Each structure stands twice: as C-alpha cells, then as structure tokens.
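Visitor:
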Amino acid sequence: MINAVLVFNNNGQPRLTKFYTQIDTQTKQSLIAQIYDLVAQRPPSACNFLPLPPLLSQGARSSAANGPSDAPTQVTYRTYATLSFIMISTSTESPLALIDLIQVFVEALDRIFENVCELDLIFGFETMHAVLSEMIVGGVVVETNIDKIVAGNPLIERRPRNFGIGQDVQPKRNLSRFVKWPEYVRLQRQKKILNLRLKVPPAIAQFQNTLDRNTAAQTFKLLNKYRPETKAEKKERLHAEATAVAEGKKKEDVSKKPYNVKYGLNHVVGLVENKKASLVLIAHDVDPIELVVFLPALCRKMGVPYAIVKGKARLGTVVHKKTAAVLALTEVRAEDKAEFSKLLSTIKEGYTDKYEESRRHWGGGIMGSKAVARMEKKRKAAEAAVRV
C-alpha cells in the first residue's frame, strides 16, 4: 500500500503532499521535513529506496482508518532536474515497481504540460492532483497506462505551448550553423575538406599509413631510454671530464660512450645516406610535406628500416623539442639489442610488408555524403534504364 506521495524542489519546498493515511497535521509537517533531509543527504551513487524513519510508522499505526499495522515502511524516490518525487509505502510494495510508477507520473505530467517544469506544478496544481487521483486511489495503484490517465479526467486538459512572439519561452536550438567562425577555423576546415576531396599522389598518400598503436608504444618506450642529455646533464658531464683531465686521467674513464637518438632532418638524411641509421621514424604531419616526402624512398634504397608515426610533437618530446620531423637510432646498448631486433621484425611484418603495396596507390578522392548519395541515385537510375 502507498501511504504518501511527496514532491520537493532542491530548496526543500513541497510542491505536492498527498497522504493516504490518517495522520495529524503536526506529524505531517515533521514527516515532510524529515523525509526531505533524508533524501537530500543521500549521495548520487546510492540506491533510490531506503527504510522509513520511525515517525511515519508511529503515525501509520495510530491511524484509525487503516487500523493497527506492524508492516515496515520504506521510502522510494527519484530526482528529475530540480524536483524529487517521493513515494512512501509498505515494504510489500516493490521498490522497482514504485520507481516505474514515478516515471509514469512524470511522463503523464510531461505530456500534459509539454515538458513539465516546476512552475507548471505551481500554477497547475489542480491538474497534478487530478493526474495522481487517476493513478492512485486510497493508496492503491489503479492505472498505469499514460493514455488512459491523460484522457480519464476532465480536469486534465492539454496545454500546448505557443512559441509565437511574446508567448512561451522558445526551445533550445543548435545554432552552430549560424555562428560566424573565426577565419583560422574556416581555413583549417576547408583545408581538411580539400585534402579529402583532391587526388593525392602515392608519395604523399603513404604518410596516412602510420604505425599501429601498440607497436608505436613499444617504439617510444625504447626511444625514451636514449633521449639526448639535457643542458644540466651535459654541463655535469663536461665538468666531470674536465676534472678527470686535470687530474691526469682519461675522460673516457669518467663518462661512458653516449647512445642517443639522432634528430634534425639534415643529420638524419646524412646517417641514412651513409647507412649508419638502424631505424628511422618519420612524422606523418610535417608541414610542408616536401621536407620529408623523399625520405621513405631513400630509406628503402639504402636498406634502412623506417616507419611513419603519428605526431611530430610526439617525436619532439623525445628530444626535448616542441616538434621533430624525423628521429633515428644508430646503435643501442647490449642489454637492449634483443628488444630492438624484436621491434625491427615487428615493424617489418606489421608495417613495411603491410603497406608495401598501398604506397603505390593514389589517395584522396573521398566525396561527401551528398555527392555519394547523388552518385548512387544516378547509378540506380542507369541500372533501371538498362533493365527497361
């Protein structure tokens, strides 16, 4: 059995108080305050039903109309925007069924008031009570069909909104197409569209075939072990070498041979031409692309393994720069040789062999949805004409 239906706003002001048990006014007021505090303090992650405090239980047992009852009671609630809909019932009622009942109540109000809000409940309280009386009579649920609830009571009348000038508040609309975007936004969008539409030569189209995510993660994990020394580290190393030379020692005794990632386009090209590079990584977004467009062909001619990876900024972080067009590894330490050889085989199988054929194909030529629809319509019309 349902003992009461309450509706509060976020400030604790009651918008609906309907009791189906005989309770004195003072107890009702205390109960309303207690229920609001109970629901307002609930964390959002908690469930939507909880045991009722002793106050209502005492009031329910003192009801003369329903007689004494020892059945425990529970609170079921659901929050919509600034309103909390609460039902107090005996534990024999299913909480999930009551949550669905609250949803039916809200949908019925929404259908009548056209997107119900708190002001609708204030000025249309008679309609709200009429809807509730169609659903619940004497604490018993009698109707859950929204169509029958809305059409069942003459007090319930539709109040369609008038969106004319000076009438109801206009609904929210997506106005992004009316926005005059800044010039740089328009240019970068137009450039992207042109890159999709225009035919792209194979030498440039191959830069869209990048290393897969897992292999790229392994590659950068290895590269981070060979990052160039910072200015502070270089200063410390030179100081140690100078101190060793002053003491009559060899500088090789205090500083080991450096193993670093090589960067700089001219430097890396020289390493590739002399076949000193063991692995070359090229950024896919170098601008202008003419700076590196020849590098894949040069690496293939010299037999140097290479891969195209996403992000010149990501390459730049390895060498303490904002961006880097290319990086190269010449040699690695003995403890990393097994990992490096495994990485080279992975790049060869998962990248070089995979995209060997695609690097000969033209790119671009990707049309928009409207153009594709028109072409499909023409194709179907041509097929229909052939059949006739």
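Using full-length UniProt numbering, the letters of the sequence shown map in sequence onto residues 1 to 388. Positions of the beta carbon are idealized from the N, C-alpha and C atoms, including for glycine. Computed from a predicted model, the values in this text were never measured in an experiment.
Identify the continuous beta strand (DSSP E) that holds M87 and give its terminal residues.
Guide: Its beta strand (DSSP E) spans residues 83-90.
Visitor: Nearest by alpha-carbon distance to residue 391: which of G139, N48, H320 is it?
Guide: Not covered by the structure: residue 391. The range shown for the chain is 1 to 388.
Visitor: Report yes if the CB atom of D110 is closer than 8 Å to the CB atom of L222, and no otherwise.
Guide: Contact flag unset, no.
Visitor: Please report the straight-line C-alpha distance between K275 and K257, rounded to a whole angstrom.
Guide: Near 20 Å, if we compare the C-alpha coordinates of K257 and K275.
Visitor: For the alpha helix (DSSP H) that contains K377, what are its first and last residues?
Guide: Start and end: 369-387.
Visitor: Would you mind reading off the limits of the alpha helix (DSSP H) that contains A283?
Guide: No alpha helix (DSSP H) holds A283; the beta strand (DSSP E) holding it covers 279-283.
Visitor: Would you kindly work out how many angstroms separate the C-alpha atoms of A64 and M1, rounded to a whole number?
Guide: In this predicted model, A64 has a pLDDT of only 36, less than 50, meaning its place in the structure is not dependable enough to derive any value.
Visitor: Taking only three categories from DSSP, how would you classify L50?
Guide: Residue state, collapsed to three classes: strand.
Visitor: Using a Cβ-Cβ cut-off of 7 Å (strictly less than) and excluding sequence neighbours within five positions of T330, which residues of its own chain qualify?
Guide: K262, L271, K276, A277, S278, listed in sequence order.
Visitor: Within the same chain, show all residues whose beta-carbon is closer than 8 Å to that of K148, passing over the 5 residues directly before and after it, in chain order.
Guide: If we look at K148 and ignore the five residues flanking it on each side, its Cβ neighbours are E134.
Visitor: Counting C-beta neighbours from all protein chains within 10 Å, is the total for G365 16 or more, i.e. buried, or is it exposed?
Guide: When all chains shown are included, G365 counts as exposed.
Visitor: In the structure shown, what three-state DSSP assignment does A65 receive?
Guide: Note that A65 scores a pLDDT of 44, beneath 50, so its modelled location is shaky; the value from the coordinates is reported in the next line. If DSSP states are grouped into helix, strand and coil, A65 belongs with coil.
Visitor: Alpha carbon to alpha carbon, how far is A297 from D190? Give it in angstroms, no decimals.
Guide: Looking at the sequence itself, residue 190 is Gln, so the reference to Asp does not match. Answer to the nearest angstrom: the Cα atoms are 30 Å apart.
Visitor: Please report the residue range of the beta strand (DSSP E) in which V7 lies.
Guide: Element bounds for V7: 2-9.
Visitor: With DSSP run on the structure shown, which of helix, strand or coil describes Q13?
Guide: Coil, per DSSP.
Visitor: Alpha carbon to alpha carbon, how far is E143 from A151? Give it in angstroms, no decimals.
Guide: Roughly 12 Å separates the two Cα atoms.
Visitor: Write down every uninterrupted run of the alpha helix (DSSP H) in the UniProt domain "Ribosomal protein eL8/eL30/eS12/Gadd45" (248-339) whose length is 4 residues or greater and which is fully enclosed by it, in chain order.
Guide: You should have 265-273, 295-302, 312-318.
Visitor: Ignoring anything shorter than 4 residues, give me the alpha helix (DSSP H) runs that lie fully in the segment 151-239, in order along the chain.
Guide: Those alpha helix (DSSP H) runs which fall completely within the segment 151-239 and span 4+ residues are 183-197, 202-205, 213-223.
Visitor: Taking 8 Å as the threshold, find out whether the segment 303-313 comes into contact with the segment 199-217 through three or more Cβ pairs.
Guide: Touching, yes, given that three or more Cβ pairs across the two stretches are closer than 8 Å.
Visitor: What is the DSSP secondary structure of I112, reduced to helix, strand or coil?
Guide: Three-state DSSP puts I112 in a helix.
Visitor: State the start and end residues of the unbroken alpha helix (DSSP H) segment that holds Q26.
Guide: 25-40 is the extent of the alpha helix (DSSP H) around Q26.
Visitor: Could you tell me the boundaries of the beta strand (DSSP E) in which T76 lies?
Guide: Element bounds for T76: 73-80.
Visitor: Measure how close the beta-carbons of V293 and V326 come, nearest whole angstrom, since I'm counting them as under 8 Å.
Guide: No, V293 and V326 are not in contact; Cβ-Cβ is about 12 Å, not under 8 Å.
Visitor: Along the chain, where does the alpha helix (DSSP H) containing S133 start, and where does it finish?
Guide: 125-135 is the span of the alpha helix (DSSP H), which, as asked, contains S133.
Visitor: If we call anything under 8 Å between Cβ atoms a contact, is I32 one with T21?
Guide: In this structure, T21 does not lie closer than 8 Å to I32 by Cβ.
Visitor: Leaving out five residues before and five after G139 in sequence, what residues of the same chain have Cβ atoms less than 7 Å from its Cβ?
Guide: Here the set comprises M1, I2, N3, Y20.
Visitor: Given a cut-off of 8 Å on the beta-carbon distance, is the pair V106 and Y80 in contact?
Guide: Contact: yes.
Visitor: Is DSSP giving K354 helix, strand or coil here?
Guide: In the structure shown, K354 sits in coil (DSSP, three-state: anything other than H, G, I, E or B).
Visitor: Is it buried or exposed, L98, if we count other Cβ atoms within 10 angstroms and call 16 or more buried?
Guide: Buried, because 16 or more other Cβ atoms sit within 10 Å of the Cβ of L98.
Visitor: Using a Cβ-Cβ cut-off of 8 Å (strictly less than) and excluding sequence neighbours within five positions of Q74, which residues of its own chain qualify?
Guide: Cβ within range, chain order: F49, L50, P51, L52, I88, S89, T90, S91, E93, P95.
Visitor: Pairing CB atoms from the segment 282-290 with CB atoms from the segment 311-320, are three or more of them under 8 Å?
Guide: As far as the Cβ criterion goes, the segment 282-290 touches the segment 311-320, which means the pair count is three or higher.
Visitor: What are the residues that DSSP puts in a beta bridge with G363?
Guide: Beta-bridge pairing links G363 to V200.
Visitor: Are the Cβ atoms of V5 and I136 separated by less than 8 Å?
Guide: The answer is yes: Cβ separation under 8 Å.
Visitor: For A60, which three-state DSSP category applies?
Guide: Caution is warranted here: a pLDDT of 47 is assigned to A60, below 50, making its placement in the model unreliable, and no coordinate value can be reported.
Visitor: Pull up the distance between the alpha-carbon of V185 and that of Q218, whole angstroms please.
Guide: One C-alpha to the other measures close to 35 Å.
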